[in-house]
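One structure is given here, and the rest of the page talks about it.
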Amino acid sequence: MNIFLLIALVPLLPFLAAGITALLKREQQGLSATLVIGSQVIAFAISLYLFFGILVMRWVYELLGRVSIALGSHATNTHLFAGDFFNFPWLTFGHDTLRLGLLLDPLSAGMAAMVSFVTLLIFIYSVGYMKEDRNFTRFFTFLSLFSGAMLGVVLSNSLLLTFICWELVGLASYLLIGFWFHKPEAAAAAKKAFLTTRVGDMGFLIGMFWLYKAAGTLLFYDNGAGCLEQAALATMAKTMVGGIALSNVIALLIFCGAAGKSGQFPLHVWLPDAMEGPTPVSALIHAATMVAAGVFLVARVFPIFTATGAHSVSLLVVACIGAFTALFAALIAVAQTDIKRILAYSTVSQLGFMMLALGVGSVGAAMLHLIAHAFFKALLFLGAGSVIHGVHEEQDIRNMGGLSRSMPLTFLTYSIGMLALAGFPVFFSGFWSKDAILHAAHSWPVSQIPFIMAAAAAFLTVFYMTRQMTYVFFGSYRGHAHPHESPNVMTIPLTILAAAAVLFSIPTTPAWPWFEDFLSNSGEHVTFHLAGLLEPGFLHIALLSTVIVACGIALGWFVYGRRPLSATEPDPLEAACTPLYKALANRLYVDEFYNATVVRALAAFGALSAWVDRWILQGAVKAATGLSFFISSLSDGMDRFLINFGFDSSCDALREYGGGIAGCERGRVQGYLRVIGIGAVVLLALIGWLLA
Amino acid sequence: MHDLIQKLTALPWDQSPQWLFLIPAGLMLLAAAAAVALRNLIHSALCLTLSFIALGVLFIALGAEFVGFVQLLVYVGAVAMLIIFAILLTPASEVSASNNPFRSFKLSRAVNAVAGGAVVALVLAGLFTAIFFSPRVRAAVPSPNAAAPVALIGENLLTHTLLPLQGTAILLTAALIGAALLAKEEKES
Amino acid sequence: MNLENLPLAILKAILDAFTWCGAKAGIVVPPWALTLVSILIVIVAILSVFLVMFALMSVLERKILGRMQNRYGPNRVGPWGLFQPVADGIKMLTKEDLVPRSADQIVHFLAPIAMVIPALMLPAILPYGRGMVPVELASGILYFFALGAGTEVAVFMAGWSSNNKYSILGAMRAIAQMISYELPLVMSAVIAALVAGTLSPNGIVMAQAGVSFGVVPNWFVFTPWGFAACILFYIGALAESNRSPFDLPEGESELVAGHLTEYSGFKYAIFFMAEYIGMFAINGLLVTLFLGGYQAPFPFLEWIPSWCWFFAKLAFVAFSMVWVRATMPRFRIDQMMQFAWKFMLPMSFVALIAAAAWHYAGRGLAAWGISFLIVAVPYLLLGRFCFTRRHTVDNRRYLFSE
Amino acid sequence: MMLQILLAISAVLFGTGLLAALTRSNAILVLIGIEMMLGAGNLNFIAFWKFSAHPETLTGVMFAIFSIALAAAEAAVGLAIIIQVHRRLRSVNVNDADQLKG
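Order-wise, the sequence lines are chains E, W, X and S. This note's numbering puts the first residue of the first sequence at 69, with every later residue one more than the last. This note's numbering puts the first residue of the second sequence at 116, with every later residue one more than the last. This note's numbering puts the first residue of the third sequence at 12, with every later residue one more than the last. This note's numbering puts the first residue of the fourth sequence at 135, with every later residue one more than the last.
What follows is the structure, given as structure tokens:
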């Protein structure tokens with residue numbers, strides 16, 4: 069079987085499932101779920117197969133390289149298996165054809181495996197979560213559509229295909245956030261998410277056009293002709309636009325799109341509101357996969373960023389924005405009371421971490437954290453969903469508490485996720501991946517500020533997670549519902565994800581960093597060596613983060629955990645310093661700021677254009693109408709009095725003279741018959757005369 | 116016993132005298148004249164049927180038995196019935212839709228008849244002169260083997276006249292549908 | 012002296028006697044006279060046979076119906092009431108012959124004649140036995156239907172001339188029914204002619220000689236298409252001879268006696284006789300076309316003379332018609348029309364196609380299967396989709412009360 | 135028998151039909167006349183076929199058969215037209231159907 073058919077199947081199967089499910093009836097819940105999950109299982113299996121396949125390929129190649137070295141040839145080990153691609157023409161206009169393609173390299177393979185895995189678990193989870201919803205079928209249609217689009221983004225070998233799937237992802241998230249469209253907040257949130265991401269995508273689109281103009285192609289890899297390959301990069305690096313290299317401009321434009329999807333600082337506002345959607349959606353889209361698409365995009369087109377060296381302007385911007393977002397979001401998260409909102413802001417800040425890693429040039433660390441984060445954040449969200457489910461759609465953490473007794477399994481898995489997110493040493497994937505990022509930031513020669521911000525953000529992360537845990541699971545129950553454990557179909561994915569969050573720490577340890585190396589697709593063939601742990605640069609970071617975690621947990625416990633809290637009393641922090649807390653609780657007034665500026669400006673412009681339309685354009689139209697009326701009446705008059713008169717008179721004359729001839733035409737059949745008879749006789753006579 | 120059958124079939128079944136065909140011919144002409152002359156439409160239709168029957172018999176007498184039977188089947192079975200139905204469906208017009216002054220005027224009918232008769236006389240005269248003064252017609256003799264076996268006719272239909280056959284089929288279909296549409300009572304909406 | 016040629020022998024004897032008398036009288040008999048005499052003999056023979064059959068039928072039918080309806084039939088006149096027809100005949104002849112004053116005298120008088128002439132001419136072409144074909148016509152089937160067309164005119168004359176609304180309605184119904192059912196009738200007859208390759212009844216009977224697969228006689232009724240065509244022809248024959256369930260024209264409950272309302276006495280008897288003789292003739296044609304005519308079913312039954320076979324089959328068909336009459340209720344007029352145009356006509360075309368397929372597939376077992384499919388599938392479809400919806404009351408239309 | 139007699143017969147039939155078509159004002163009678171004329175034509179076909187040099191080619195018979203078929207179609211359509219006309223004008227007088235005259 070052709071490998072590319074296999075690759076193409078990965079996104080096509082969910083699309084197909086979506087297409088079929090869309091046609092199902094509302095009652096056919098079982099069938100739709102079976103279809104969607106089944107296709108997802110197959111996609112997951114395929115992507116897993118691809119992942120390991122490529123892994124094996126790399127090892128085989130590496131082995132060959134070593135063998136060749138051992139044989140004394142000068143073949144270096146640089147020719148690792150760098151992935152493979154497959155391009156096909158999409159549409160032809162004029163002489164040049166637009167080609168799309170599929171790409172299978174470590175990055176996409178790992179990403180695809182992760183995405184399909186998490187998506188699969190979340191699908192299974194939502195079977196339990198959405199059971200009562202009467203639009204179950206529609207929900208699964210959207211989910212499957214989303215999954216297909218996401219896998220398309222991951223596996224595409226062309227910026228155009230990426231963009232198409234990118235927009236499909238946006239559409240799916242719009243539909244899913246607004247799934248409960250009868251809730252006005254949900255509808256508003258969906259609209260907000262859509263528009264905000266559009267802002268970024270506009271940059272993405274322009275960047276894409278520019279890239280096409282500059283590189284002449286949108287394929288990533290095309291045997292040297294791709295836009296991520298030397299020739300194109302060189303030309304882009306050389307051409308300057310207002311002092312900046314064209315490559316950087318394009319990179320920044322594309323980064324706009326990435327920031328929009330990944331909720332980086334200026335465009336992060338939609339992400340917390342998106343929590344209005346069903347919790348699986350939050351877990352799927354706004355924690356694990358979609359928001360990661362931005363990071364993935366940047367990683368994918370990383371060569372463009374580095375076209376002008378490892379410390380290009382674009383990377384600088386990415387690093388700064390990432391670091392700032394990380395800190396900023398963490399700050400806001402401290403003062404939130406909605407369980408999902410806290411997670412949302414933590415997501416934003418974690419994405420900031422990833423962007424920071426990218427900015428400081430460590431793709432491996434970024435992807436590592438992305439995947440690790442995908443696991444434990446999905447775990448956290450699903451856990452939160454389980455909690456919300458357990459206390460009957462209550463989302464305010466102040467009305468929870470002491471749930472560790474009523475839902476132990478949820479508590480267990482949730483705490484694992486929390487520890488992973490906090491980066492609790494050694495046993496949790498978060499620890500290693502975050503340390504990798506901190507390490508990369510620390511060893512960034514340009515500046516240490518991002519590193520410091522990141523450290524602070526890490527501290528805050530630990531703090532607010534502790535806060536949330538204490539609020540939710542410890543103390544006494546402050547709500548009014550009767551909390552209960554969720555069904556297996558929800559808890560089993562939790563367990564699996566928890567296991568993943570823990571086990572994933574194994575391939576993330578710097579002791580055996582083959583995975584990071586695999587993702588960043590760099591050349592060192594890595595073996596297991598404990599010395600990686602004792603390597604000085606890393607050791608300090610590890611110790612530092614351990615301290616951070618310890619302090620964070622201690623402080624959090626000190627503030628919240630000492631004595632049981634009551635629902636009415638204000639947050640201890642608020643008591644400590646009100647204005648700051650208020651500011652944070654109101655998310656630093658970013659939304660208000662946007663309302664005051666962007667939205668109002670738009671409204672004003674709309675009013676203006678409406679006025680212009682009503683008074684100027686319509687007036688013009690009226691004037692034109694009047695003019696044409698006048699002209700037409702004129703021509704009508706001419707018609708009637710000049711042309712028609714002559715025509716009528718001629719017609720009358722004709723009728724007059726025709727009447728005379730028409731006289732013998734009396735409409736009498738038998739008259740005609742008579743004439744025919746006479747004619748026949750004449751004919752007969754004629755024939756007789758001729759023959760005789 | 117076989118010789119017996121031979122003997123019986125050897126009997127001169129078909130030595131009918133030559134003038135026998137004048138009987139159906141005369142019957143046919145009389146019936147036709149009656150059909151034209153009679154006032155009662157049904158009667159004239161029945162007379163027409165009779166003359167058709169006689170014509171069919173005449174065909175058979177002339178040795179074209181297939182044509183004769185087809186004539187009977189089609190004209191007596193179908194056309195006569197059609198005409199009778201049409202007569203019953205169109206009762207004598209009570210309201211005269213035409214407002215031309217001649218109609219009430221009896222003279223017009225007389226003029227009509229006279230002119231028609233004149234034309235008919237003219238045509239007949241022409242035909243008779245053609246018939247009785249043309250040497251070929253006088254010279255013509257009945258060919259001894261003038262027979263139209265059905266098998267031969269069928270073979271002809273499917274070989275030489277296949278195209279006309281198809282054309283006729285199409286025409287008949289079209290006529291059927293067209294007649295049905297024409298005669299259908301159209302709904303006044 | 013075997014029975015096979017008994018009728019011919021009788022004919023020959025009579026002819027010999029004729030010539031002998033001529034010789035005795037000292038005049039040599041010219042051949043045309045012989046021809047004339049033999050023709051007359053044949054005519055008399057056939058007419059007498061058919062009239063006897065008519066008489067028997069008229070009583071047997073009533074007796075059979077009686078049995079089937081749990082009562083005695085006529086059993087007073089003669090042994091087992093066998094002389095009933097005589098009594099009927101006498102009654103008919105002695106009855107007064109009424110003619111309505113407002114009737115169209117001439118047509119009213121001519122109608123029975125126009126009715127009976129074709130009926131009496133019909134049996135001329137039937138092969139009653141080996142070499143017993145009164146008139147050997149190359150296009151006998153065509154002759155049969157051409158004459159059948161004449162009855163329609165007669166029926167119309169009867170109905171119209173009586174100047175009675177029952178009569179004209181009955182006549183119209185009868186004509187509509189005859190015309191509608193003539194198409195499937197002719198079509199199914201054409202099928203048999205097509206397969207036999209000739210229009211002459213005798214040829215068709217010849218084509219059905221012999222036994223195929225060792226057991227099955229070569230009668231057309233034993234092939235799928237032949238069976239379908241036979242059934243169609245049978246139904247058409249029922250309709251053509253205005254017998255129940257197609258006796259709408261004389262539906263006593265609706266129209267007093269249809270086009271026969273104003274006829275009485277001898278004229279009525281003539282109509283009656285004409286209808287029965289027509290029925291016998293068309294049954295005879297059915298036997299000729301599909302039931303193998305005078306052929307014996309199996310070779311070892313050849314010793315029974317062929318004409319006996321013919322009349323046995325004829326009797327069977329006639330009996331089945333009586334049986335149907337005892338069984339079936341009367342059609343409604345619109346059902347009758349729909350049945351003719353929407354079911355019988357398409358089915359006859361289907362049977363035609365099936366016959367063609369049977370012929371071109373080699374007339375073997377395979378051909379049998381193919382033609383069976385070709386007949387069965389459309390039959391099921393038509394039966395399923397044409398008439399399932401019709402039987403509901405809500406879309407019933409009373410044509411003559413609207 | 136002589137060809138002339140046959141032709142004379144058919145001529146008389148034709149004349150009768152023509153007379154009907156010319157003098158009778160009832161459309162149905164006109165149609166009857168036309169049918170008669172067609173019959174006369176058929177008779178001519180048969181006659182000429184019987185007296186032709188090569189009757190085995192069946193030309194006249196074929197012509198007659200086709201013309202009979204066409205006559206049937208013609209009668210059907212013509213009568214349908216007559217019925218329609220009667221429905222519109224309440225009259226079957228051929229001289230009443232003169233709406234299309236100039």
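Glycine included, C-beta positions come from ideal geometry on N, C-alpha and C.
- Segment contact: the segment 142-150 of chain X against the segment 179-189 of chain X, fewer than three CB-CB distances shorter than 8 Å; contact not assigned.
- By the beta-carbon neighbour count (other beta carbons within 10 angstroms, threshold 16), S554 of chain E is buried.
- Judged by DSSP secondary structure, G37 of chain X falls outside any beta strand (DSSP E); it is assigned neither H nor E.
- Scanning E:L383, E:I711 and E:A504 for the CA closest to the CA of N316 of chain E turns up E:L383.
- Every unbroken stretch of the alpha helix (DSSP H) spanning 4 or more residues and falling wholly within the segment 213-295 of chain E is given here in chain order: 227-245 and 252-283.
- Under the Cβ criterion (8 Å, minimum of three pairs), the segment 305-313 of chain E does not count as touching the segment 350-358 of chain E.
- As DSSP reads the structure, N160 of chain S sits in a beta bridge with S:N227.
- With respect to the C-alpha of D108 of chain X, the residue from X:F238, X:Y279 and X:Y245 having the closest C-alpha is X:Y279.
- Going by beta carbons, M218 of chain E and T357 of chain E fall inside the 7 Å limit.
- Secondary structure note for T347 of chain E: its alpha helix (DSSP H) is the uninterrupted segment T347 to A351.
- Closest in alpha carbon position to Y154 of chain X, among W:G192, W:H275 and W:C162, is W:G192.
- Secondary structure of A261 of chain W (DSSP, three-state): coil.
- From the beta-carbon of L741 of chain E, the residues of chain S found nearer than 9 Å are L152, A155, L156 and V164.
- Collapsing the DSSP output to three states places N229 of chain X in coil.
- A direct Cα-Cα distance of roughly 20 Å separates V617 of chain E from Q404 of chain E.
- Judged by DSSP secondary structure, L489 of chain E falls within the alpha helix (DSSP H) whose first and last residues are P476 to A490.
- Counting along the chain, D152 of chain E sits inside the beta strand (DSSP E) bounded by residues D152 to F161.
- Within the segment 211-226 of chain S, those residues whose Cβ lies closer than 7 Å to any Cβ of chain W are, in chain order, V211, L213, A214, I215, I216, I217, Q218, H220, L223, R224, S225 and V226.
- Along the segment 282-304 of chain W, none of the residues has a CB nearer than 9 Å to a CB of chain X.
- 7 Å or more divides the Cβ of R73 of chain X from the Cβ of P90 of chain X.
- Leaving aside the five residues that flank T285 of chain E on each side, the residues in its chain whose CB is nearer than 7 Å to its CB run, in chain order, A293, G294 and C295.
- Burial is judged here by how many other beta carbons sit within 10 angstroms of a residue's own beta carbon; W334 of chain X has fewer than 16 and is exposed.
- Here the segment 232-241 of chain X makes contact with the segment 351-369 of chain X; the two share three or more CB pairs at distances below 8 Å.
- Residue X:M332 holds the alpha-carbon nearest to the alpha-carbon of Y287 of chain X among X:M332, X:L148 and X:V226.
- Going by beta carbons, A394 of chain E and F421 of chain E fall inside the 7 Å limit.
- Taking a 10 Å sphere around the C-beta of Y193 of chain E, we find 16 or more other C-beta atoms and assign the residue as buried.
- For the pair V127 of chain X and T46 of chain X, the Cα-to-Cα distance works out to about 25 Å.
- Judged by DSSP secondary structure, L148 of chain X falls outside any alpha helix (DSSP H); it is assigned neither H nor E.
- Excluding its 5 nearest sequence neighbours in each direction, A525 of chain E has C-beta neighbours in its own chain below 6 Å: A394, L395, A398 and S417, listed in chain order.
- M308 of chain E has E:A313 as its beta-bridge partners, per DSSP.
- With a beta-carbon spacing of about 11 Å, F282 of chain X and M103 of chain X fall beyond the 8 Å limit used to define contacts.
- For the segment 33-56 of chain X, the beta-carbon criterion of a distance under 7 Å to any beta-carbon of chain W is satisfied by P42, W43, L45, T46 and S49.
- Interface flag for Q233 of chain S against chain W is unset, since no Cβ pair is found closer than 7 Å.
- The Cβ atoms of A147 of chain W and M196 of chain S lie no closer than 7 Å to each other.
- Neighbours of I180 of chain S in chain W, taken as residues whose beta carbon is under 7 Å from its own, are F174, L177, A179 and V182 in chain order.
- When beta bridges are read from the DSSP output, V222 of chain X appears opposite X:P228.
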